[in-house]
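Number of protein chains: 2
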Amino acid sequence: MRLNAKQAVAKALAEKGHIDQIYWIGCGGSLIDLMPANYMMVAESASVESHAITAREFSVATPKRLGAHSMVVALSHSGGTPEVVEALELACARGAYVFAMTSGAGSAVDRDAWDTYVYEWADSTPQRELDAAQAIMVCAELLRAQEGYDAYDAIYEGIDKLDGIIAAARQKVNAELCDRFAALCKDHSFLYILGSGATFAQTYGFAICSLQEMQWQNCAYIHSAEYFHGPFECTEPGVFYFLQMSSGPSRVEDERVLAFLKTHTDTYMVLDAQAYGMDQVDERVRAYLEPIMVYYMNVELRAARGRVFDHDPSIRRYMGIEQY
Amino acid sequence: MRLNAKQAVAKALAEKGHIDQIYWIGCGGSLIDLMPANYMMVAESASVESHAITAREFSVATPKRLGAHSMVVALSHSGGTPEVVEALELACARGAYVFAMTSGAGSAVDRDAWDTYVYEWADSTPQRELDAAQAIMVCAELLRAQEGYDAYDAIYEGIDKLDGIIAAARQKVNAELCDRFAALCKDHSFLYILGSGATFAQTYGFAICSLQEMQWQNCAYIHSAEYFHGPFECTEPGVFYFLQMSSGPSRVEDERVLAFLKTHTDTYMVLDAQAYGMDQVDERVRAYLEPIMVYYMNVELRAARGRVFDHDPSIRRYMGIEQY
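Quick look at the structure:
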């Protein structure tokens, strides 16, 4: 059945009575879009255990607690990811309530064996209708229904602010960061990307999707809280760092990184989510919605690099082309 | 009170009746030593929810379910990590049963406010007495006490086999991989490290501890199951890949990576845990103990690189030297 996040949670609770676990399943960019919802549930829920797991691992090392009071939320943007289909079938076999999201209407993921949310991936689609916001809505609905959630309205208000925040942030990142980022990529064959909190999903995403996949740019992703426990020993003038500073509670981790970068390399850039509009969102929910804004900054940055390198981000040499 | 893993679980259950959540807390290499235990609990336990979280995130986005029926296992190898001390104090304040492991006798982590396990970090210390094996024993003891665990004896038998497996594997990695690894580092300023399953902890560890921290070698860690969802677009002749192949259920993920590397780059190396002695361990528990063996291979590989670069792995320029 076609359902949105709110309807899916209502159906899950009608069928199951209560949900004890939620598993967020996907691969690459699709897993990345679900990770902030997992981060939110771990921090906010007293009634639901939450895990985000790459689809193939979910099948080979299946959580033993997956069962009749579990909800599985799987995302495959294309709808054709075999690992996700395998995970969805496993989740059904284990008796979980299964909800799949995809932009691929009629794809392998869009089938009657489970409930689906199909979104249109267009520039004009409001954030409220897209996958990442729907995942956050799953959290808000489940929290409100099972245990109460003070910031429920703030989640929806925050989501509705995102379209405006992102439009302004796109202008700002093009004015302030894109040209320098592309120029630094010209002079550096490698860079480190740092971030924290729920936004660490987009730190990972900037590395593996925007740069490795779409620009064939070698890079590494490092969690800001882990930087001082190993990776910072690589820092010196000439080594390129890109720091995504969170506007949420994990900002203290990023601030510590920034202070070190300022005095130990001459080559760093900062995308400060606080200055890119997230200050407009209620501070109780800001951290969970921030990755949606940061994703669009990654899009602008890779596009700018693509122009300088004459490398269209839509080009692939292997994905969807070769058999693997 | 000084307790080992078995005694700690017995005390936790005596005090709490039952444990509903376990949180594995550390930073960098210490978190890495706990990650396989977390992986094991998620896969094996029907009664305990499990999460591994870097210490600072545990404090800034504290899991709401942390409480009187939680067990917190924290590790600080040195015993002086402020983030770990902060996390331990938070866990106590929330009423959890708290167990800290450290090799730093008399350190900030080794105090009476919680139970501690203090291990000697010497070449002659048997694996059974070290932190990573003790973490796995926490899992085995908790599983047996709360729900029964068929492979309980296999865990202890496997741990006791590790000393012999590691001794032989050290010889083998020096004969087969170390020289070529060091030589490839001479010719490549950057490499990708790939792995899966519980061993992904040591994929991350090889990157951030052995290479970034101890060799100032730029590199990136990629999960084998995620490789085909972005990172593989960087693969081409001349790009250096090091694949840690698991002997456990996630081996299928690594095999898929290997098949692709063989046909898409001329520069890859494989450490096959199956051929490095893990075949001697019961297949039900092999995956969980494998990271302990792989750690020692990382040690040999970094030492070999260190000799070629005249860079002693014990040298630091910032860690423990500067204020940060």
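For the protein sequence lines, the chains are A and B, in the order given. Start counting the first sequence at 21; every next residue gets the next number (the numbering used here). Start counting the second sequence at 21; every next residue gets the next number (the numbering used here). Where a beta carbon is used, it is the ideal one built from N, C-alpha and C, also for glycine.
- Around the C-beta of G268(A), 16 or more other C-beta atoms lie within 10 Å, and the residue is accordingly described as buried.
- Sequence-ordered contacts of the region 51-66 of chain B with chain A read L51, Y59, V62, A63, E64, S65 and A66 [C-beta pairs closer than 8 Å].
- By the rule that beta-carbons nearer than 7 Å mark a contact, R304(A) does not touch chain B.
- With 16 or more other CB atoms across the displayed protein chains lying within 10 angstroms of its CB, M298(A) is buried.
- The Cβ of W236(B) sits closer than 7 Å to at least one Cβ of chain A.
- Between M289(A) and L214(A) a beta carbon distance of about 10 Å is seen, past the 8 Å cut, so the two are scored as non-contacting.
- When Cβ-Cβ separations below 7 Å define contact, Q166(B) makes no contact with chain A.
- Look at Y344(A): its C-beta is under 7 Å from a C-beta on chain B.
- Contact between the region 180-197 of chain B and the region 174-189 of chain A is not established, with fewer than three Cβ pairs separated by less than 8 Å.
- Per the Cβ contact rule, the region 29-39 of chain A is not in contact with the region 122-134 of chain A (fewer than 3 Cβ pairs under 8 Å).
- Not a single C-beta of chain A is nearer than 7 Å to the C-beta of C112(B).
- Taking a C-beta distance under 7 Å as the contact criterion, L291(A) and V277(A) do not qualify as a contact pair.
- Put simply, of P102(B), L162(B), W134(B) and D332(B) the residue whose alpha carbon is nearest the alpha carbon of A116(B) is W134(B).
- Rounded to the nearest whole angstrom, the C-alpha separation of F226(B) and E320(B) is 11 Å.
- The C-alpha of E103(A) lies about 5 Å from the C-alpha of R76(A).
- Boundaries around D135(B) are those of the beta strand (DSSP E), D135 to V138, since no alpha helix (DSSP H) includes it.
- A195(B) is outside the set of residues whose beta carbon lies under 7 Å from a beta carbon in chain A.
- Taking the Cα positions, E177(B) is about 12 Å away from E303(B).
- Taking a beta-carbon distance threshold of 7 Å, E246(B) counts as an interface residue toward chain A.
- Boundaries for C254(A): no alpha helix (DSSP H) harbours it, and the DSSP string shows neither H nor E there.
- 7 Å or more divides the Cβ of A128(A) from the Cβ of I45(A).
- Taking every protein chain shown into account, the CB of D173(B) has fewer than 16 other CB atoms within 10 angstroms, so this residue is exposed.
- Remark: fewer than three beta-carbon pairs, one from each stretch, lie closer than 8 Å, so the region 228-239 of chain A and the region 248-258 of chain A are not flagged as touching.
- Secondary structure of C159(A) (DSSP, three-state): helix.
- Counting only the Cα atoms, E140(A) lies some 43 Å from G49(B).
- DSSP lists Y261(A) as the beta-bridge partner residues of Y288(A).
- Rounded to whole angstroms, D207(B) and D199(B) show a C-alpha spacing of 13 Å.
- DSSP links G326(A) through a beta bridge to no other residue.
- About 5 Å separates the beta carbons of T223(A) and Y241(A), which is inside the 8 Å limit, making them a contact pair.
- Of G100(A), E342(A), A94(A) and V193(A), the smallest CA-CA separation from L110(A) is found for A94(A).
- When the beta-carbon positions are compared, F260(A) and N238(B) stay at least 7 Å from each other.
- The beta carbons of L163(A) and E64(A) sit about 6 Å from each other, so the pair counts as a contact at 8 Å.
- Judged by DSSP in its simplified three-state form, S70(B) adopts strand.
- About 11 Å separates the CB atoms of V68(A) and M60(A); that is not less than 8 Å, and the two are not in contact.
- Residue range C198 to D207 is occupied by the alpha helix (DSSP H) that includes L204(A).
- Under DSSP, A227(A) forms no beta bridge with any residue.
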